[in-house]
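Numbering (the numbering used here), first residue to last: 307 to 692. Cβ coordinates follow ideal geometry from the N, Cα and C atoms, glycine included. Predicted model, so just to flag it, every value in this text is computed and none were measured. Take a look at the structure below.
In structure tokens, the structure reads:
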């Protein structure tokens, strides 16, 4: 009788690629935080910055283009640097099921090389997620314009994108918050996204969520909202759900989302009513015809009496509702002269490129003829088909 060998590794393989200075900082933060089951990679034109990276794999791009000195504010140099090292990038990314590309926009490497790295991943059929930061208003109009054009360029190279405007930090930090601590808040958004998805697909659930579910919600989805919330006490599940969908650092809300995946983690004392209440908080503002995927996880790592809610939302309207937060103060910038409004060369090729139509999410229709008494007793949000 032949012996059957079980699969040694059946979980989806996730890689996080930090591109440029900001991306490298994000990767370092995740390595220090001991995020598990992830391959970390840093990509940069700056040899000195790469030397301080904590990633297990480092790729120095553009040795002939920048000579290891970075690219200043010229995205064209960043783009050429990544293209020069394309084969090494392809080999490093190969084998992943999901890739997060983290970068700051408005400079050279993140803005120029980030879309190239993302495109390499997507061309291999890998689910590709961009997590980007936008510059502060006081950094000037030129950097802001580069960042906005960078966002448009990256959209064509990723399945979904999470954007964090740095100006939002000014609205939530206290006057004594250090510069380093403030930027760690941005890094935590990427950390939560990666850690949350990793836990969803690697931890066994009572109602399980797998990688196929994550792909269903995030593939070709455009803008994305990803959040994690925790709660304790009488209304812990609702509190965790509200925290998950209301990140003050993101510039979109869950309103109108057509694809939603959420998982509720807790101990053996998690009740059915708590699950229903948390689901109500999450689904009350989404599209009525949204595709909703739901899971529950028994997580022994949580504190006693704690509940955690993880939410991924995508498929937003063309102009999603923004998460408006009143700023305590603003910076005034002078209008740049017309001669400075020239579009960088890197963006000329895609400026008139027709947008790829994004896949919309539509739920499967239930067969009402098969309804029975036991089916009717199950809450509505649990009866939605995957």
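Under DSSP, the beta-bridge partners assigned to residue 321 are 345 and 405.
Looking at the DSSP output, residue 364 sits in a beta bridge with 348. Nearest to residue 347 by alpha-carbon distance, out of 387, 579 and 329, is 329. When secondary structure is reduced to three states using DSSP, residue 379 falls in the coil class, being assigned neither helix nor strand. The C-beta of residue 366 has 16 or more other C-beta atoms within 10 Å across all chains shown, which makes the residue buried. Between residue 620 and the set 596, 602, 600 and 605, the nearest pair of CA atoms involves 596. Beta bridge pairing from DSSP links residue 615 with 535 and 570. The criterion of a C-beta distance shorter than 7 Å is satisfied by residue 439 and residue 492.
Following the DSSP letters along the chain, one finds residue 601 inside the beta strand (DSSP E) bounded by residues 597-604. Rounded to the nearest angstrom, the gap between the Cα atoms of residue 345 and residue 498 is 16 Å. Rounded to whole angstroms, the separation of the alpha carbons of residue 603 and residue 574 is 10 Å. Ranked by how close their Cα comes to the Cα of residue 412, the residues 452, 460 and 354 have 452 in first place. By alpha-carbon distance to residue 322, the top candidate from 579, 555, 605 and 504 is 504. Sequence-distant partners of residue 524 (beyond 5 residues in either direction) whose C-beta falls short of 7 Å from its own C-beta, in its chain, are 433, 435, 465, 466, 530, 618 and 620. Residue 480 sits in coil when the DSSP states are folded into three classes, being neither helix nor strand. Following the DSSP letters along the chain, one finds residue 421 inside the alpha helix (DSSP H) bounded by residues 420-429. Taking C-beta separations shorter than 8 Å and ignoring five residues to either side along the sequence, the partners of residue 331 in its chain run 324, 489 and 493, following chain order. For the pair of segments examined, the stretch 368-388 was found to touch the stretch 415-424: the number of CB pairs separated by less than 8 Å reaches three. Residue range 353-357 is occupied by the alpha helix (DSSP H) that includes residue 353. Nearest C-alpha to residue 540 among 577, 460, 570 and 558: 577.
Closest option to residue 468, judged by alpha-carbon separation, among 558, 592 and 327: 558.
The bridge partners DSSP lists for residue 440 are 471. The beta carbons of residue 534 and residue 589 sit no closer together than 7 Å. In terms of CA proximity to residue 414, 326 leads the group 326, 585, 622 and 565.
Short of 7 Å from the beta carbon of residue 394, and not among the five residues preceding or following it, lie these beta carbons of its own chain, in chain order: 365. Here residue 529 carries a strand assignment [DSSP, helix/strand/coil].
Under a 10 Å Cβ-count criterion, residue 512 is classified as exposed, with fewer than 16 other Cβ atoms of the shown protein chains found around its own Cβ. Close CB contacts of residue 368 within its chain, under the 6 Å cut and outside five residues either way in sequence, are with 351, 387 and 390 (chain order). The C-beta of residue 355 has 16 or more other C-beta atoms within 10 Å across all chains shown, which makes the residue buried. Remark: C-beta atoms of residue 555 and residue 500 do not approach each other more closely than 7 Å.
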